[in-house]
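No gaps in the numbering here: position 140 of the sequence shown is 140 in the working numbering, and each next residue is one more.
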Amino acid sequence: MKYKHLFFDLDRTLWDFDQSAQQTFALLYEKHALKQKGIPDLVTFLGTYNKHNDLLWESYRNGELKKEILRDLRFIHTLESFGIMDQELAVTLSEDYLYYAPRTVHLFPDAVEVVKQLYAHFELHLITNGFEEVQHIKIQTAGLESYFKKVITSEAAGVKKPDPMIFAYALQQTGASLNESLMIGDDLEVDILGAKSFGMDQLYFNPEALPHTENPSYEIRQLKEIVSLLL
Ligand SMILES: [Mg+2]
1 MKYKHLFFDL DRTLWDFDQS AQQTFALLYE KHALKQKGIP DLVTFLGTYN KHNDLLWESY
61 RNGELKKEIL RDLRFIHTLE SFGIMDQELA VTLSEDYLYY APRTVHLFPD AVEVVKQLYA
121 HFELHLITNG FEEVQHIKIQ TAGLESYFKK VITSEAAGVK KPDPMIFAYA LQQTGASLNE
181 SLMIGDDLEV DILGAKSFGM DQLYFNPEAL PHTENPSYEI RQLKEIVSLL L
């Protein structure tokens, strides 16, 4: 096997972001009595938030929005969608979300077992566009921290995936060479085409079998397939 360094994405690759978010939103919905304030149910609340968050995250990724603004604005817009003009509540929800979400652990099936097995044979690192402090809490609470040698965040790199410069930064930080490195992630554009444009091999984790016309180095539906492919 030619690889020595495996670079993992975190959200929706190891960390089941959607499960974790759903549980966190259930907590916020109860804690802040949002039904009584005019949000009819949890599904509508989460769906509305996701719509606003996706739009704003796109601007954040393009460098048009600072993270401090993004964090509150997505809740301000969500509340406004329900006719709730309450900036203070939005800021409280934002703070609560940032506290509880990374502490609400949901991993994809076999994530810990796969990471443990790979750890015996490779140097493992993360490359994530998530916020620095939040991503560190996630891997701590998930019990994954000791397996990853370097956590490369876009904040530290100064650029976000799919910018090829983040992969250059990752190699420099880890001392890895390009031809012994593999990027593993769930986002075709951000992780896979990003790594590919830098010339790094890629493993596409595509659990929902989303159709596409790209040609990644490897593609899997379940994390445990990484072990059979690489070991
Ligand atoms: Mg991801």
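By construction, the Cβ of each residue, glycine as well, lies at the ideal position given by its N, Cα and C atoms.
As the structure is a prediction and not an experimental result, all values here were calculated from the model.
For Leu229, the uninterrupted alpha helix (DSSP H) segment begins and ends at 224-230. A Cβ closer than 6 Å to some heavy atom of ligand 1 marks a residue here, and those residues are Asp9, Asp11, Arg12, Thr13, Gly185, Asp186, Asp187.
At the C-beta level, Phe198 and Ala156 stay beyond 8 Å of one another. Taking C-beta separations shorter than 6 Å and ignoring five residues to either side along the sequence, the partners of Ser181 in its chain run His5, Met200, following chain order. Note: Leu124 is bridge-paired with Leu6, Phe148 in the DSSP secondary-structure output. In this structure, the beta-carbon distance from Phe8 to Ile192 does not fall below 8 Å. For Glu113, the uninterrupted alpha helix (DSSP H) run begins and ends at 111-119, by DSSP. For Thr13, the three-state secondary structure derived from DSSP is coil. For Lys224, same chain residues with a beta-carbon under 7 Å away, outside a window of 5 residues either side, are Asp110, Val114 in chain order. Per the coordinates, the alpha-carbon of Trp57 lies some 26 Å from the alpha-carbon of Ile220. The segment 27-42 makes no contact with the segment 200-213; the number of CB pairs closer than 8 Å stays below 3. The beta carbon of Gln202 lies closer than 6 Å to those of Met183, Ile192, Ala195, Lys196, Pro216, Ser217 in the same chain, with the five residues before and after it left out.
Annotation for Leu98: Arg71, Val134 place their beta carbon closer than 7 Å to its own, counting only its chain and skipping 5 residues before and after.
The beta carbons of His106 and Gln222 sit no closer together than 8 Å. Distances from the CA of Lys149 to each of Thr174, Lys160, Met165, Glu68 were compared; the closest alpha carbon is that of Thr174. As DSSP reads the structure, Tyr204 sits in a beta bridge with Gly185, Glu219. The shortest CA-to-CA distance from Thr24 to any of Lys67, Glu95, Leu14 is the one to Glu95. Counting the other Cβ atoms within 10 Å of the Cβ of Lys138 gives 16 or more, which makes it buried. Put simply, the backbone Cα of Leu79 is about 46 Å away from that of Ala176. Each residue's CA atom was taken as its position, placing Val159 and Asp86 some 33 Å apart.
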